[in-house]
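To start, the structure itself, in structure tokens.
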Amino acid sequence: MVLIALLLACGGLILLWVAGRQRRETGLPQGRVVYVDSTAWEEAPQSLYDPVTNLTGKPDYLVQQGEMVIPVEVKSTRVKDAPYDGHLYQLAAYCLLVERTFGTRPPYGILHYANRTFEIPYTTELESALLNLLNEMQEKGRKQRHPRSHNVPARCRHCGYRHICDQKLA
Ligand code: SF4
């Protein structure tokens, strides 16, 4: 399938290298720390799918704000000063899915860690970085198939790339 190359993330190193390189090239947003009222968050009822990119994923929550729908991803881990790259891409994928599903572009998404919450602007630069990463992964996938290197469902559940990986375990 199209996103086979994301299995490179099983080893972690190559995908993180790609993400890190793109982050340096594109200046991915760090986001700003915000305080949020999570009582307004509603669990996303179902997975979202975009046939153009073949992306699928289910944000933890969707927040309706007027005409806008804001995706929220919740992480049980703590973070220091900035979100992790993989989480930024995951949130960007949810923003893309929200836009293509509901027809309204979310201006930002929310990354909620155990110790702080970031509002991440869904900029055209972040969207481009995501699409470039997907294209790069697809290209690598066409050239070389990397099978999943483990059989640990918990590892996939906590993987930042599970939403775009076609070999994830339940
Ligand atoms: S979801 Fe699982 S199989 Fe896919 S990249 Fe992550 S850890 Fe590997």
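Numbering (the numbering used here), first residue to last: 518 to 687.
Using N, Cα and C, we set each Cβ at its ideal position, and we do this for glycine too.
Comparing alpha-carbon positions, the option among M585, H680 and K685 lying closest to T573 turns out to be H680.
A straight line joining the alpha-carbon of F619 with that of C682 spans about 23 Å. Unbroken alpha helix (DSSP H) runs of no fewer than 4 residues, entirely contained in the segment 590-677, are found at 602-619, 641-660 and 670-674, following chain order. With distances taken between CA atoms, P576 lies nearest to E616 out of K657, K597 and E616.
Between the ligand SF4 and Y678, a heavy atom-to-CB distance of less than 7 Å is present. Cβ-Cβ distances below 6 Å link K685 to C673 and R679 in the same chain, with the five nearest sequence neighbours on each side left out; the list follows chain order.
Annotation: the continuous beta strand (DSSP E) that includes V580 extends over Y578 to Q582. Closest by C-alpha distance to T621, out of P664, Q655, E584 and E653, is E584.
Distances from the CA of A631 to each of L651, Y639, A599 and Y606 were compared; the closest alpha carbon is that of A599. Annotated as proximal: C612 and Y639, with beta-carbon spacing under 8 Å.
Residue range L572 to G574 is occupied by the beta strand (DSSP E) that includes T573.
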